[in-house]
Each structure stands twice: as C-alpha cells, then as structure tokens.
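Participant: Residue numbering for the sequence shown follows the UniProt record's numbering, starting at 1 and increasing by one per position. Every residue gets a Cβ at the ideal spot worked out from N, C-alpha and C, and that includes glycine.
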Amino acid sequence: MTTTDEKPVLVFDSGIGGLTVLREARVLMPERRFVYVADDAAFPYGDWAEEPLRARIVSLFGVLLQRHQPEAVIIACNTAFTLAGAALRAAYPDMRFIGTVPAIKPAAERTRSGLITVLATPGTVKRAYTQDLIASFASRCAVHLVGSQGLARLAEAYIRGEAVDEAAVLAEVSPCFQEQDGAKTDIVVLACTHYPFLANLFRKLAPWPVDWLDPAEAIARQARRLVPWTEEATHPDAPDVAIFTSGRSDFSTRRLMQGFGLTMTPEIFEGQGMASVTKADIAG
1 MTTTDEKPVL VFDSGIGGLT VLREARVLMP ERRFVYVADD AAFPYGDWAE
51 EPLRARIVSL FGVLLQRHQP EAVIIACNTA FTLAGAALRA AYPDMRFIGT
101 VPAIKPAAER TRSGLITVLA TPGTVKRAYT QDLIASFASR CAVHLVGSQG
151 LARLAEAYIR GEAVDEAAVL AEVSPCFQEQ DGAKTDIVVL ACTHYPFLAN
201 LFRKLAPWPV DWLDPAEAIA RQARRLVPWT EEATHPDAPD VAIFTSGRSD
251 FSTRRLMQGF GLTMTPEIFE GQGMASVTKA DIAG
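(1) In this structure, how does DSSP classify M264 when only helix, strand and coil are distinguished?
(2) Determine the DSSP secondary structure at D240, reduced to helix, strand or coil.
(3) Can you look up T117 in the DSSP assignment and give me helix, strand or coil?
(4) If we call anything under 7 Å between Cβ atoms a contact, is L201 one with E172?
(5) Does I282 come out as helix, strand or coil in the three-state DSSP assignment?
(6) Return helix, strand or coil for K7, following the three-state DSSP convention.
(7) In whole angstroms, what separates the C-alpha of L83 from that of A183?
(8) Since I98 and Q222 are thought to touch, with beta carbons under 8 Å apart, how far apart are those beta carbons, to the nearest angstrom?
(9) Going by alpha carbons, who is nearest to A218 out of V35, L64, L53 and I75?
(10) Is Y92 helix, strand or coil by DSSP?
(11) My output table needs one value for D13: the three-state DSSP class, helix, strand or coil.
(12) Figure out for me which residue from R224, A216, C176 and L60 has the closest Cα to the Cα of P209.
(13) Note down, in chain order, each residue of its chain lying with its Cβ closer than 7 Å to the Cβ of A108, except the 5 sequence neighbours on either side.
(14) DSSP beta-bridge partners for I74?
(15) In terms of alpha-carbon separation, which member of S59, F61 and L154 lies closest to P196?
(16) Is it the case that the Cβ atoms of V146 and A157 are separated by a distance below 7 Å?
(17) Using three-state DSSP, classify E31 as helix, strand or coil.
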C-alpha cells in the first residue's frame, strides 16, 4: 500500500506550459517526486467545444488518479481548471486539486493606470469564471480580454527551439496594449501557462513597458500550503517522469523533458476506461 510520504504530486497541462509551474513547485517542494502529464493528444484545448473537453478531462483523471495515486494534483492550465475544476472535485472528492485561474486579483492590486489586459485562450476569455473574477476583484479597473488563437502553439514551438515568426507573436499580443484618457495598459495577465515561455519576446516587441504577470509562483505557493511536508524525499532514487497522452516521443520533446529533469515514460490511455471523446468531437 502506498503511504502518504510515497505519493507524488501530479502536474497536469494540455501541453508543455505547465513546466513553468513545475519549475516553481520543485523549489518549494524539494522532498516530493513529481509526475508531469501533458494531454497533447488533445492539444490545443482552445479548439474544443466545452462539453466534450470537460468529459475528456474528467475521464482522463479517472485513469491518472488510479495509476499514480498522487498526494495532490496541480491543474497547471487555466482552460482545464476554469472549465472542469468543479467537475473534477465533484467526481474525485478525496483528491486535492490546486487550480490555475487568471491572476486578475493581484493585477487589480498592482495596477497604477487602472488598465489591465488578460491574455488568454479564447475559451478562458469567454468563460463565466473569468467574468466572475473581474466582477469580484477588478470592478474598479478597465479589464481588456484578449483571446489568442495561436499563441500556445507558438510557445510550444519556441520552447522546443524552433524558429518563431516575431510578426506572428506581435499580431497576437498587440491588442493587449490599450490607451484610455491618457492612461496606458500597465499589466498584462498571462492567463495561460504556455505564455511565460515567450515573456522575453513579449518584452522585446511591446510598444511600452508593462508588467507581464506570471502566476506560476503563486500556484506553487498554494500547492505547498496544501501538500504535507515530509522529512525525507519521496522515492529518492526514482526520477520525476513526464507522460504525454499521445505517446509522443520525438527528439525535441525528449530533449526538452531531459532539460527539466524529467524522464519520459509511455502510457496507454485510449481504451483504458476513458470516455470515447477525441478531437473529432471538436465543434468550432
């Protein structure tokens, strides 16, 4: 039987964006082993209709929790958590889920101009969860929502060392910069964990300096508060592993995972009790 001290922390994302959160979580939880799961078979989540994607995520976690028995799960994906967080907690009430939501509250606390932009996926932008955050924490600010169709893909390519067209990146981020009554946007919330990989490029292309707000550290701090401290490292000789739901194992992906100290391990998901939901169910 697996004891509490032996249980890993599972970090979940649609692709490699959650590595930004994993990096911070390791700093705060050095005694823990980590399992990183990228649902790249369904990437990008922004292309999916809500109900098929929610069903896929909840079903996928039925497999992941049974196989890995984690101490806690970090959902390092705004789209996944704002869409399926409540359903996951209802389906698996005994599991600790640490979510990722747009960092609208800290942005509202820090802004001086009162003009904030939330740069996210189209799904996160249109979700009621995001509107509720704005109403609760930023009602005195002018919050501009920008739903990027292609930025997550560009970030995936960039972090793998592929050439990225700066003009394409600029086209995605240009709407973030607003001027109103002599004031300018001074904070851009990076509401997708992929986006911080492009932060240096964002700074280079920006028409004026802004604070690009990366939520990774705050997510890791919340996880540390909820995950029990252990006196000794869990499975000190066992590596942290990365699992890609597509079974992908190309050279650039393996090299990237090695750079983050992760060992790729194959797992089969289709036909393992998951709902029969695939990208064929995408609806616009």
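Facilitator: Let's see:
(1) For the purposes of this step, residue 264 is taken as residue 264 along the sequence shown, with counting starting at 1. DSSP places M264 in strand when its eight states are reduced to three.
(2) For this step, residue 240 is matched to residue 240 along the sequence shown. Residue state, collapsed to three classes: strand.
(3) Taking the sequence shown and counting its residues from 1, one reaches residue 117 at position 117. Residue state, collapsed to three classes: strand.
(4) Taking the first residue of the sequence shown as 1, we reach residue 201 at position 201. Taking the first residue of the sequence shown as 1, we reach residue 172 at position 172. It is not a contact, given that the beta carbons lie outside the stated cut-off.
(5) The residue you call residue 282 lines up with position 282 of the sequence shown. Model confidence at I282 stands at a pLDDT of 37, short of 50, so the residue's coordinates are unreliable and nothing is read from them.
(6) Numbered from its first residue, the sequence shown carries residue 7 at position 7. It is coil, neither helix nor strand.
(7) Position 83 of the sequence shown, counted from the first residue, corresponds to residue 83. Position 183 of the sequence shown, counted from the first residue, corresponds to residue 183. L83 and A183: Cα-Cα distance of roughly 33 Å.
(8) For the purposes of this step, residue 98 is identified with residue 98 of the sequence shown, where counting begins at 1. For the purposes of this step, residue 222 is identified with residue 222 of the sequence shown, where counting begins at 1. The Cβ separation is near 5 Å, so the contact holds.
(9) As a working note, residue 218 is residue 218 in the sequence shown. Among V35, L64, L53 and I75, the Cα nearest to that of A218 belongs to I75.
(10) Against the sequence shown, residue 92 aligns to sequence position 92. Note: Y92 maps to coil in three-state DSSP.
(11) What you label residue 13 is simply residue 13 of the sequence shown in a count that begins at 1. The answer is strand: DSSP assigns D13 an E or B state.
(12) Taking the first residue of the sequence shown as 1, we reach residue 209 at position 209. Closest option to P209, Cα to Cα, is C176.
(13) As a first step, residue 108 is located in the sequence shown; it is residue number 108 there, counting from the start. Excluding positions up to five away in sequence, the list reads I116, F137, A138 and C141.
(14) Residue 74 sits at position 74 when you count from the first residue of the sequence shown. Residue pairing of I74 in beta bridges, as defined by DSSP: V11 and I98.
(15) Sequence index remark: in the sequence shown, residue 196 carries index 196 (1-based). Of the listed residues, the one whose Cα sits closest to P196 is L154.
(16) Position 146 of the sequence shown, counted from the start, is the residue given in the question as residue 146. Position 157 of the sequence shown, counted from the start, is the residue given in the question as residue 157. No Cβ-Cβ contact shorter than 7 Å links V146 with A157.
(17) Counting from one through the sequence shown, the residue named residue 31 turns up at place 31. If DSSP states are grouped into helix, strand and coil, E31 belongs with coil.
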